[in-house]
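The structure appears below as structure tokens.
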Amino acid sequence: MSGMIREAAKQLVRSLEKLPEERVKHIVSLKGSQLERYKYIAGLETGSQGSKQKPSLQDIKDIINRTSGPLGLQKDTLKKAQDVIPEEQFTAETIQEQAQSLNTILSNKYRDYYSVGDKLLKPQGNPVYYQRLMDEIEGKKKETFWTAMRTVVLGK
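If you count the sequence shown from 1, position 2 lands on 2 in the UniProt record's numbering, and the numbers rise without skipping.
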């Protein structure tokens, strides 16, 4: 990788590290997967995850290319699998565009530009709806079965 691509990837990694952790836990974290992807390009170590380290996309591609039929796959099935795996082409410009987009998200530019008023956040029919959702996501207040039934029946 050229020096410009490496520097752009380092800048993107610094921005990704500022990204807050996701409130709702998923199997794969966007922040974690992107950090792993761009630390490799930036030449930074991804850190050791002990003896059980997951194979990277490049490792999987190497395994597929080295074997004629892994896991008993037929050659036409193997060819289809290889065609589906994307070939990543990084340039300094594309990585800088991604870093700029991420910095725009981190600075809340569009949240401030397209501010939502109380008319949308607190609709007349159910003014605490969005606040209840945020409290549930953040773990502040759990709804019990009975309060959920009351909300469904009464709409409040």
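Backbone N, C-alpha and C fix where the C-beta goes; we use that ideal spot for every residue, glycine too.
Given this structure, state the Cα-to-Cα distance separating residue i from residue j, to the nearest angstrom.
{"i": "residue 74", "j": "residue 82", "result": "12 Å"}
{"i": "residue 116", "j": "residue 110", "result": "11 Å"}
{"i": "residue 49", "j": "residue 55", "result": "Below a pLDDT of 50, predicted positions are generally treated as unreliable, and residue 49, at 46, falls in that range; the measurement from the model is reported next regardless. If I take the Cα positions, the gap works out to 11 Å."}
{"i": "residue 134", "j": "residue 26", "result": "17 Å"}
{"i": "residue 51", "j": "residue 59", "result": "Here the model assigns residue 51 a pLDDT of 45, short of 50, so the residue's position is not dependable, and the following value carries that caveat. If you take the alpha carbons of residue 51 and residue 59, they lie about 16 Å apart."}
{"i": "residue 96", "j": "residue 5", "result": "9 Å"}
{"i": "residue 79", "j": "residue 87", "result": "14 Å"}
{"i": "residue 29", "j": "residue 15", "result": "16 Å"}
{"i": "residue 144", "j": "residue 127", "result": "20 Å"}
{"i": "residue 76", "j": "residue 90", "result": "29 Å"}
{"i": "residue 3", "j": "residue 63", "result": "29 Å"}
{"i": "residue 149", "j": "residue 113", "result": "37 Å"}
{"i": "residue 33", "j": "residue 65", "result": "24 Å"}
{"i": "residue 151", "j": "residue 57", "result": "46 Å"}
{"i": "residue 141", "j": "residue 155", "result": "18 Å"}
{"i": "residue 125", "j": "residue 136", "result": "20 Å"}
{"i": "residue 31", "j": "residue 94", "result": "18 Å"}
Only counting the same chain, and skipping five residues up and downstream in sequence, which positions put a Cβ closer than 7 Å to that of residue i?
{"i": "residue 138", "result": "23"}
{"i": "residue 98", "result": "12"}
On the premise that residue j lies in contact with residue i, defined as a C-beta separation below 8 Å, what is that separation, rounded to the nearest angstrom?
{"i": "residue 61", "j": "residue 85", "result": "6 Å"}
Spatial neighbours of residue i within its chain, please: CB distance less than 8 Å, with the 5 preceding and 5 following residues excluded, ordered by chain position.
{"i": "residue 13", "result": "35, 38, 39, 42 and 44"}
{"i": "residue 146", "result": "none"}
Next on the checklist: Would you call the segment 3-21 in contact with the segment 33-44, where contact means no fewer than 3 C-beta pairs closer than 8 Å?
Outcome noted: Judged by Cβ distances under 8 Å, the segment 3-21 makes contact with the segment 33-44, as three or more pairs qualify.
Next on the checklist: Count Cβ pairs between the segment 97-107 and the segment 12-27 that sit closer than 8 Å; are there 3 or more?
Outcome noted: Touching, yes, given that three or more Cβ pairs across the two stretches are closer than 8 Å.
Next on the checklist: So within the segment 66-112, which uninterrupted alpha helix (DSSP H) runs reach at least 4 residues, ignoring any that extend past its ends?
Outcome noted: You should have 75-84 and 92-106.
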